[in-house]
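Read the structure below first, then the notes.
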Amino acid sequence: MIVKHLYEAAHALPERVADSGILGRLGLRAPEFEARIQEAMGRVEQLLHQCAHSAPDPRISLLTGHLAAAGGKRLRPLLVLLGAEFGEPERDGVVQAGVIAELVHVASLYHDDVMDAAAVRHGVPSVNARWGEKAAVLGGDWLLARAAQLAAALGPDAVHLNAQTAGRLVSGQLRELCGPGPGPGEDPVEHYFRVCEGKTAALLSMSLGIGALQAVAPAHHVSALAEYGEQLGIAFQIADDLLDLAAPQHSTGKEQGNDLLAGVPSLPVLLALAGDDPRDAELRDLLSAGAAAGPAAHRRALELFRRSPAPARAEALMHDRLERARTALEVLPALPARRALAALCGFVAQRTA
Ligand code: FPP
Ligand code: MG
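Using the numbering used here, read the sequence shown as starting at 44 and increasing by one per residue.
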């Protein structure tokens, strides 16, 4: 079940319900492990709802509980629980750590949807669409405060990790907002990686680290898991970028080439813009013109793009990150959780294959 859960996370599917098909195929054969994770995920879910809906006024509770109730893949709590497997997973504080990771994630989505003026999240109206931007910002702040309160009950390490991660998330988002600077040394591809580290990698890394810490795992296991999370987070983001260009059978339900049309500086786009091959000159002109160039130019850009070396280069960079993630796992004992984490790398790679 757990591996199907990972599979779904990697494929950005909305369901949280898992079945045992993939598990059988991977041959993990670890029913005790699966049952323990499944049971703990249930407890995370219960506490998450309690926390998200615990505002003093029921009208506010409706707002703060809105996204957690709407769904989500719960990838971060799952990583917390997998991290805890390298210590004593039944220890007090592991489930709370899973809730902290999800609360921070949900809080960041409240704010992100305001920034992107997004109308829909998890298939329901976004908080900003339903209650307005001011309420959405405050709702996100409230969830962040709730996460801080849970962390305070776990002790200084959890408080530190929680604060550091929130700071990294905000820095990543601010970097994205500002874009790369004009000066020397402000390489757009480097800037892309800094943004990913903050926006995506920081919380995945924190999830594994806080789970392992709460389970009192050995320090070198905690740092290996945190490093795995960093690398996986960046690979995830690159895979997302590549999916935007993927062939129809790999489509996630979104229109293809959306990033290209919207002028989103995804990694393949940045690599294409950075190249100097004269054969790519037309593509660079179209990319620079962005959405203003119109639908015909968009189709032409997508066609040229698929023939350019940029997507393959981005894919190679994704594989490099996945390899780094797998390498980080090498110091860990050969537990089912380690196999599950390695399998997650495989699934990220398969998304774009
Ligand atoms: C989604 O990006 C955004 C994030 C993963 C991070 C958002 C972070 C902030 C808004 C900073 C504030 C943080 C806290 C902790 C309150 P996206 O827009 O590329 O992806 P999407 O398609 O899911 O919207
Ligand atoms: Mg967004």
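We put the CB at the ideal spot given by N, CA and C, even for glycine.
Integer-rounded CB distance, given that residue j should sit under 8 Å from residue i
i           : j           : result
residue 284 : residue 309 : 4 Å
residue 202 : residue 218 : About 25 Å; that fails the 8 Å criterion.
residue 197 : residue 136 : 5 Å
residue 216 : residue 367 : With a Cβ gap of about 24 Å, residue 216 and residue 367 do not count as contacting.
residue 222 : residue 244 : Rounded, the Cβ-Cβ distance is 19 Å, inconsistent with contact.
residue 269 : residue 251 : 6 Å
residue 167 : residue 87  : 21 Å between Cβ atoms; not a contact.
residue 151 : residue 105 : That pair is no contact at about 20 Å.
Cβ pair residue i, residue j closer than 8 Å
i           : j           : result
residue 180 : residue 154 : yes
residue 316 : residue 303 : no
residue 113 : residue 91  : no
residue 170 : residue 182 : yes
residue 267 : residue 371 : yes
residue 142 : residue 193 : yes
residue 259 : residue 145 : no
residue 364 : residue 281 : yes
residue 353 : residue 311 : yes
residue 301 : residue 319 : no
residue 369 : residue 383 : no
residue 226 : residue 165 : no
residue 220 : residue 249 : no
Proximity winner among the options, relative to residue i (alpha-carbon distances)
i           : options               : result
residue 340 : 349, 321, 326 and 287 : 326
residue 375 : 165, 128 and 173      : 128
residue 348 : 337, 245, 361 and 313 : 313
residue 187 : 225, 235 and 108      : 108
residue 391 : 360, 190, 134 and 77  : 360
residue 73  : 380, 387 and 389      : 380
residue 344 : 355, 324 and 94       : 324
residue 242 : 263, 207, 200 and 305 : 207
residue 96  : 289, 189 and 332      : 189
residue 373 : 133, 75 and 264       : 264
residue 378 : 85, 305, 117 and 126  : 126
residue 307 : 235, 346 and 289      : 235
residue 405 : 160, 289 and 337      : Nothing can be reported for residue 405, as the shown portion of the chain is limited to 44 through 396.
residue 407 : 199, 185, 246 and 191 : Any question about residue 407 goes unanswered here, given that the chain covers just 44 to 396.
residue 358 : 387, 332, 336 and 289 : 289
Identity of the residues DSSP links to residue i by a beta bridge
i           : result
residue 168 : 163
C-beta neighbour in chain D for residue i, strict 8 Å
i           : result
residue 367 : No chain D appears in the structure shown, which is made up of a single protein chain.
Any chance the stretch 252 to 269 sits against the stretch 229 to 239, with 3 or more Cβ pairs inside 8 Å? Segments in contact, no.
Check whether the stretch 79 to 86 and the stretch 96 to 116 touch, using three or more Cβ-Cβ pairs below 8 Å as the test. Output reads no: the stretch 96 to 116 does not touch the stretch 79 to 86.
Evaluate contact between the stretch 168 to 179 and the stretch 120 to 137, counting only Cβ atoms and requiring at least three cross-stretch pairs below 8 Å. Per the Cβ contact rule, the stretch 168 to 179 is not in contact with the stretch 120 to 137 (fewer than 3 Cβ pairs under 8 Å).
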